[in-house]
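> First the structure, which I've put down as structure tokens, then a few questions once you've had a look.
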Amino acid sequence: MSDKSYLDWPFFEDRHRQLQAELERWISGNVTAHHGDADSACRDFVTRLGKAGWLRYAVGGKDCGGQFDAIDTRAICLLRETLARHDGLADFAFAMQGLGSGALTLHGSPEQKQRYLTKVAAGEAIAAFALSEPGSGSDVAAMECTARVDGDDYVLDGDKTWISNGGIADFYVVFARTGEAPGSRGLSAFVVGADMPGFEVAERIEVIAPHPLARLRFTACRVPRSAMIGVPGQGFKVAMQTLDIFRTSVAAAALGFARRALDEALSRATKRKMFNQTLADFQITQMKLAQMATAIDSSALLTYRAAWLRDQGQTITREAAMAKMTATESAQQVIDAAVQIWGGLGVVSGHPVEKLYREIRALRIYEGATEVQQLIIARQTLAAYSQSER
Ligand code: COS
1134 MSDKSYLDWP FFEDRHRQLQ AELERWISGN VTAHHGDADS ACRDFVTRLG KAGWLRYAVG
1194 GKDCGGQFDA IDTRAICLLR ETLARHDGLA DFAFAMQGLG SGALTLHGSP EQKQRYLTKV
1254 AAGEAIAAFA LSEPGSGSDV AAMECTARVD GDDYVLDGDK TWISNGGIAD FYVVFARTGE
1314 APGSRGLSAF VVGADMPGFE VAERIEVIAP HPLARLRFTA CRVPRSAMIG VPGQGFKVAM
1374 QTLDIFRTSV AAAALGFARR ALDEALSRAT KRKMFNQTLA DFQITQMKLA QMATAIDSSA
1434 LLTYRAAWLR DQGQTITREA AMAKMTATES AQQVIDAAVQ IWGGLGVVSG HPVEKLYREI
1494 RALRIYEGAT EVQQLIIARQ TLAAYSQSER
């Protein structure tokens, strides 16, 4: 049984505690072992999460399917943490509905919200976020994909890669260079249906923890001007604001993986006998368990601080970066320790800690690698220092 004492922290309200308990009950009957490929398992999770109402938390706006008028960051984090503790793909399916539609929640027109968010919240349309390119992953401002005006349309050209839900999404939020200014000030966001002529899935990508992932290609892909999300030239900020929310939620997912790893480690350490005692009787195991438990609480504090601050209306770029960096890096350590405690069994394919070992790795890379989070934190720390010196 996972530690739930953190739910009493002042970051949460009663509705969050209720949400977590209800989700836990739902998971016990609905998140069971999935067979078949990741595409169909993911589609199935989206349908079931939608029918049960959980995807309403992934979007903002009661009039377009959302649970609340604005995104409740703490609810999203609790959902991700709890789903991840049980099943990485269930968490992925929930998270990508939010990331893929986040720009629409934040900056979509009323028509765009009605058209897309209602379906995302119901689990009737699958969303994806298309930012990275073969030549610009960490350096978003170096983006080369273009969108040029032609009459009443924009025409998109270029490649996007590492796109989660690529291949199964019904629509993509695509960032492209519209050229209002150089660098980050010349990008815009668009919503592009998977059925638009000129759009193709150029390559499916297999990764160590299988989930739908692809490289996309846009070749003279024509979308109406009304497909733009927000205003021309503001795409970089739209992407970063979306990432502020979902980087915090990546930290929550890492936290869920780490809690599961600690649970598995405790179960093994208290049962496994050697040298006439249990593994948990050895101080060397206790040291590991102490480090794991402390890493989890540190990650949880940073994650829910970021989520709470955002729900208070604050900008959380620095706090989200701290949460993502700490939670993903320390989850990797916690999971590695759990594998060690399980010994040979811990590396057997399909064992829960073996799956966690594969699941956690990408979280230190996607939605801004640890090194990008360090850059963000250092820049803000230096800027605050310069300001205080004036
Ligand atoms: N919210 C709102 N605005 C933001 C912002 C945020 N979180 N972060 C930056 N901005 C604004 C800045 O204030 C600046 O505005 P002005 O042009 O008005 O001055 C502008 O955006 C450019 O910001 P900055 O100078 O910091 O941009 P850089 O090109 O130096 O890039 C990093 C910053 C590296 C942090 C950014 O490119 C990044 O996050 N890269 C990782 C991308 C990523 O996560 N990829 C994974 C894709 S999803 S799997």
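According to the numbering used here, the sequence shown is numbered sequentially starting from 1134.
Note that beta-carbon positions come from the ideal geometry of N, C-alpha and C, so glycine has one too.
#1: Short of 6 Å in beta carbon distance, which residues of its chain neighbour F1308, apart from the five on each side in sequence? Order them along the chain.
#2: What residues in its chain sit with their C-beta under 6 Å from that of A1360, if we drop five residues either side in the sequence?
#3: Is it true that the CB of C1278 sits closer than 8 Å to the CB of G1299?
#4: Using the Cα positions of S1173 and T1381, report the straight-line distance between them to the nearest angstrom.
#5: Where are the beta strand (DSSP E) runs, 3 residues long or more, that stay fully inside the stretch 1297-1322, in chain order?
#6: Counting beta carbon pairs with one atom in the stretch 1188-1201 and one in the stretch 1237-1256, are three or more of them shorter than 8 Å?
#7: Do A1502 and T1436 have their beta-carbon atoms positioned less than 8 Å apart in this structure?
#8: Output the distance between the C-alpha atoms of M1458 and I1468, rounded to the nearest integer angstrom.
#9: Taking the DSSP output, what are the residues bridged to T1411?
#10: Using DSSP's beta-bridge definition, name the partner residues of V1324.
#11: Of all the options R1248, A1261, R1150, which has the alpha carbon lying nearest to the alpha carbon of I1209?
#12: Using alpha carbons as the reference points, say which of G1316, L1434, L1442 lies closest to G1366.
#13: Looking at the structure shown, is S1265 part of a helix, part of a strand, or coil, going by DSSP?
#14: Where do the N-terminal and C-terminal ends of the beta strand (DSSP E) with F1145 fall, by residue?
#15: Do S1432 and L1388 have their beta-carbon atoms positioned less than 8 Å apart in this structure?
#16: To the nearest whole angstrom, what separates the beta carbons of R1310 and G1331, a pair I think is in contact under 8 Å?
#17: For the alpha helix (DSSP H) containing E1492, name the first residue and the last one.
#18: Cβ of L1346 within 8 Å of Cβ of S1269?
#19: Any idea if M1407 is buried or exposed, counting beta-carbon neighbours within 10 angstroms, 16 or more meaning buried?
#20: Answer with yes or no whether the minimum CB distance from G1368 to chain D is below 8 Å.
#21: So, for E1244: in the same chain, excluding its five sequence neighbours on each side, which residues have a beta-carbon less than 8 Å away from its beta-carbon?
#22: Can you tell me the Cβ-Cβ gap for L1239 and T1375, rounded? I've got them flagged as a contact below 8 Å.
#23: Taking Q1424 as the reference, give the member of C1197, A1398, I1449 with the closest Cα.
#24: For the alpha helix (DSSP H) that contains V1253, what are its first and last residues?
#25: So does F1145 have its beta carbon nearer than 7 Å to some heavy atom of ligand 1?
#26: Go through its chain and collect everything with a Cβ distance to Q1200's Cβ below 6 Å, but skip five positions before and after it.
#27: When you compare the stretch 1439-1455 with the stretch 1400-1414, are there three or more beta-carbon pairs, one atom per stretch, that lie closer than 8 Å?
#28: In whole angstroms, what separates the C-alpha of S1242 from that of K1184?
#29: Using 10 angstroms around the beta-carbon of G1363, count the other beta-carbons present and answer buried if the total reaches 16, otherwise exposed.
#30: I need the DSSP call for I1338, collapsed to helix, strand or coil.
#31: Could you give the distance in angstroms between the alpha-carbon of A1217 and the alpha-carbon of Y1490?
#32: Could you tell me the alpha carbon to alpha carbon distance between S1521 and Q1513, rounded to whole angstroms?
#33: Can you check whether the CB of G1235 is closer than 8 Å to the CB of I1341?
#34: Buried or exposed: I1417, going by 16 or more other Cβ atoms within 10 Å of its Cβ?
#35: Does K1137 come out as helix, strand or coil in the three-state DSSP assignment?
#36: Among D1177, K1370, A1426, which one has its Cα closest to the Cα of D1136?
By the coordinates alone:
#1: Scanning its chain for C-beta atoms nearer than 6 Å, with the 5 sequence neighbours on each side dropped, one finds around F1308 the residues L1264, L1320, A1322, G1368, A1372, in chain order.
#2: Excluding residues within five positions, the ones whose Cβ falls inside 6 Å are F1323, V1324.
#3: No, the Cβ-Cβ distance between G1299 and C1278 is not below 8 Å.
#4: If I take the Cα positions, the gap works out to 27 Å.
#5: Taking only runs of at least 3 residues, the beta strand (DSSP E) segments lying wholly in the stretch 1297-1322 are 1304-1310.
#6: Yes: at least three Cβ pairs fall under 8 Å.
#7: Their beta carbons are not under 8 Å apart, which means T1436 does not touch A1502 by this criterion.
#8: Within the model, the alpha-carbon separation for M1458 versus I1468 is close to 16 Å.
#9: BP columns for T1411 point to K1406.
#10: Under the DSSP definition of a beta bridge, V1324 partners with V1306.
#11: Nearest neighbour of I1209 by Cα position, chosen from R1248, A1261, R1150, turns out to be R1150.
#12: Of the listed residues, the one whose Cα sits closest to G1366 is G1316.
#13: Taken through DSSP and simplified to helix, strand or coil, S1265 comes out as coil.
#14: Following the DSSP letters along the chain, one finds F1145 in no beta strand (DSSP E), marked with neither H nor E.
#15: Yes, these two residues count as a Cβ contact at 8 Å.
#16: Contact check for R1310 and G1331: beta-carbon distance about 17 Å, past the 8 Å limit, so the pair fails to qualify.
#17: Here the alpha helix (DSSP H) through E1492 covers 1485-1494.
#18: Their beta carbons are not under 8 Å apart, which means L1346 does not touch S1269 by this criterion.
#19: Counting Cβ neighbours within 10 Å, M1407 comes out exposed, since fewer than 16 surround it.
#20: Structure shown: chain D not included; a single protein chain is present.
#21: Cβ neighbours of E1244 beyond the five flanking positions: S1359.
#22: About 6 Å separates the CB atoms of L1239 and T1375; that is less than 8 Å, so the two are in contact.
#23: Considering only alpha carbons, the answer is A1398.
#24: V1253: member of the alpha helix (DSSP H) spanning 1251-1255, first to last residue.
#25: Answer for F1145: no, Cβ out of range of ligand 1.
#26: Closer than 6 Å at the Cβ level, and outside the excluded window around Q1200, lie R1189, Y1190.
#27: The stretch 1400-1414 and the stretch 1439-1455 do not touch, with fewer than three beta-carbon pairs separated by less than 8 Å.
#28: Rounded to whole angstroms, S1242 to K1184 spans 25 Å at the Cα level.
#29: It is buried - the Cβ of G1363 has at least 16 other Cβ atoms within 10 Å.
#30: Reduced to three states, the DSSP call for I1338 is coil.
#31: Cα-Cα distance, rounded: 13 Å.
#32: Whole-angstrom Cα-Cα distance: 12 Å.
#33: For the pair I1341 and G1235, the CB atoms are not nearer than the 8 Å cut-off.
#34: I1417 is exposed by the Cβ-count criterion.
#35: In the structure shown, K1137 adopts coil according to DSSP, grouped into three states.
#36: For D1136, the nearest C-alpha among the options comes from A1426.
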